[in-house]
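To keep things clear, I will list the structure first and then write my remarks on it.
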Amino acid sequence: MAKSTKYNRIAIIDKDKCQPKACNYLCHRVCPPVRMGEDAIEITNRDNWSQPIINEELCTGCGICSNKCPFGAIQIINIGVDFSEPIHQFSINSYRLYSLPEIEKGYITGMIGRNGSGKSTALNILSGELIPNLGNYKEKGNIDKVIEYYRGKNIQKHFKDIKNKEIKVSYKIQKVEDIPKMFNKKIIDLLNMTTNDKDNIKEIIKELELEKIINKKTTEISGGELQRIAIAASLLKKSNIYFFDEYTTFLDIRQRFKIAKLLRKKINPEKAIFLIEHDLAILDYLSDFTQIMFGQKNAYGMCSNKKSTKKGINEFLDGFLKEENIRIRKYSIDFASLKITQDFKKNILTEYPDMKKKLGDFELDIKSAEIRKGEIIGVIGPNAIGKSTFIKMVSGEMKPDNCNINNNLKISYKSQYIELDKEKTVEELFLEKDIDYDIFNSEIKGQLDLEKIIQQKISELSGGELQKVAIAYTISKNADIYLIDEPSAFLDVEQKLIISNVIKSVINKKEKSALIVDHDLLFIDQISDRVLLFEGTPSIKGYANEIGTIENSFNKFLKEQNMTFRQDPQTKRPRANKEGSQKDKEQKRDNKYYYSL
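Following this note's numbering, the numbering of the sequence shown begins with 9 at its first residue and continues without gaps.
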């Protein structure tokens, strides 16, 4: 049984990074308690170069071993709070989860938190996929012990229902890109496997706009289409608890809110939805309650009490949980302070001409516009409307049908689907001659915390780590225009904030320009100086007129979606109004679908 919390200290060893043969147990050699004869770090089998074990009871928390480890494999965390014993721990010196969120039938419960803090682990436990071991990592989880552990608490009934198989769970997986590996057949066959209700299948296909792809194989469709297929399969199952793990990834803004409305229809007194989401606008719009998972990446996680959605999100942004009296972050996130007002009437960097492009049955029409020095232009609109095609034409990767683009400017381009040399380490990637090392070292490397993964291969990175590296690589290059397609994908709220600040800092310092395509409204609102709105009919006709202000572009876009946004008075973040609410009606009456800046 783990005893770490008695000492308010956690020792983590990353099994994938630890290489004792390469460092000859440097952590053991530099540990002060070991030098004093204490077995704070044990070596169980030197002959076979077994990985060390840190005894948390004897560890003094000095952190020398973690600082000296050449591979960044060790974390020593002095948490300063007694969380009691873990609910689940995977192995010795590994991640542990200390509490679980609540699920209430008749409501949608949202969860927010850092990547790696344990949200998906908690979801796996609540769905019955993983039976917690109550901190005893040497034994397999026992459902009877879990039921006894939660005696007298509301969650006990949930585990009794799991044991008695009275809970029917539908689980929308996080990594939808893995679906083709598990099911390489026609999509209609996949949907037919989930239910015999043909009418329900037809309704879901229509709601999720899947008519054109149902006879395709899963290997033949895009990430956004895979996401909608995963959502469809989840909704078709006859369940009483639905788990959705980051359903917005790869989806455009219109699709995100359309599906949010569809999920809301699913709720009744006998059903519950549990939602993990990093898009704050969606989380705010959809959830009845919110819980916060806080802790340290790949080390530990703790769940807050259930809060109203507004209060939960605001406390998360503030970095302080009032009821729990715990500070989860050293700084607060205030959206108003992130806005930088600049005068862009002068200093034009370049301009692009009227552009036309025909791709099969799809036609794209772009009106000419100026790009100014030091500005970031957000690019928004539905999927399959021509945004990525526009970016490729500006980058020179694709040629317009009617003109030539000025190729005198240097372009640095990050595509939607990241393509980096998987055999290189992160460090090797940044050794290329075109990298601006002054910018990389002063503005990027430390802020994005790349030191911890600098020796890892690109193929070993998580989705969020790969995204950070790809963005860092793109903006580190010497270029005039930076084209960045979907930088917020796979990032949590805090990472989005950091990425936003880093991109803005680089663009301002270098007095260059950036075009950023993204589907997270808060991210675009936060990072952009102006916005280019794409309109039209997806897969048929797309067009973009002049680059406009954030307010005017968002107002036009939201009017098409019949949605309104207000500004939260505390955090200044944009908040979606509930459809039909008094505020929603007032703003629609005044033709102010987006709050005034």
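We put the beta carbon where it would ideally sit given N, CA and C, even for glycine.
Item, Value
"Span separating the alpha-carbon of PHE352 from that of ARG581", "Any reading at PHE352 is ruled out, since the residue's pLDDT is 49, under 50, leaving its predicted position unreliable."
"Closer than 9 Å to chain E by CB, PRO60", "Absent from the structure is chain E; it holds one protein chain and no more."
"For THR358 and LEU367, the rounded distance between their alpha carbons", "26 Å"
"Proximity winner among PRO277, LYS305, TYR308, ILE321, relative to LEU294 (alpha-carbon distances)", "ILE321"
"Per DSSP, the bridge partner or partners of ILE374", "MET363, ALA552"
"Option nearest ASN585 by Cα separation, candidates LYS29, PHE265, CYS73", "PHE265"
"Collapsed DSSP secondary structure at MET201 in the structure displayed", "helix"
"Buried versus exposed, by CB contacts within 10 Å (16 or more), ALA392", "buried"
"One or two residues paired with ILE85 in a DSSP bridge", "ILE18"
"Endpoints, beta strand (DSSP E) assigned at ILE388", "384-388"
"Cβ pair count under 8 Å reaching 3, the stretch 271-283 against the stretch 239-251", "yes"
"Inter-residue spacing [alpha-carbon to alpha-carbon] between ASP342 and LYS512", "16 Å"
"Sub-9 Å separation of GLY309 and SER92 beta-carbons", "no"
"Through-space distance from GLU383 to ILE515, alpha-carbon basis", "7 Å"
"Alpha-carbon to alpha-carbon, ASN53 and ILE84", "23 Å"
"Rounded C-alpha distance that separates TYR602 from ARG262", "15 Å"
"Other residues of its chain near LEU458: CB distance less than 8 Å, five sequence neighbours each side excluded", "VAL434, ILE452, LYS476, VAL477, ALA480"
"Exposed unless 16 or more other CB atoms sit within 10 angstroms - verdict on ASP429", "exposed"
"Burial state of PRO408, where buried means 16 or more other Cβ atoms lie within 10 Å", "buried"
"Alpha-carbon spacing of LEU491 relative to LYS364, whole angstroms", "19 Å"
"Which listed residue (ALA307, ILE284, ILE388) has its alpha carbon closest to that of THR298", "ILE284"
"ILE524 - containing beta strand (DSSP E), residue span", "521-525"
"For HIS96, the three-state DSSP class (helix, strand or coil)", "strand"
"Whole-angstrom distance between LEU198 and ILE334, CA atom to CA atom", "45 Å"
"For GLY149 and ILE49, the rounded distance between their alpha carbons", "27 Å"
"For ILE195 and LYS600, the rounded distance between their alpha carbons", "41 Å"
"With 16 other Cβ atoms within 10 Å as the buried cut-off, status of ASP442", "exposed"
"Check whether LEU259 and GLY232 have beta carbons under 9 Å apart", "yes"
"Reduced DSSP category for SER312 - H, G, I as helix; E, B as strand; rest coil", "coil"
"Environment of MET401 [buried if 16+ CB atoms lie within 10 Å]", "buried"
"Contact belief for GLY544 with GLY550 at Cβ below 8 Å, rounded distance in angstroms", "4 Å"
"Residues that DSSP places opposite ARG104 in a beta bridge", "GLN97, TYR308"
"Three-way DSSP call (helix, strand, coil) for MET190 in this model", "helix"
"Sequence-distant residues of the same chain with beta carbon closer than 6 Å to ASN123, five excluded per side", "GLY472, ASP500"
"From PHE98, GLU554, PHE328, residue whose alpha carbon lies closest to that of TYR360", "GLU554"
"Cα-Cα separation, HIS166 to VAL154", "11 Å"
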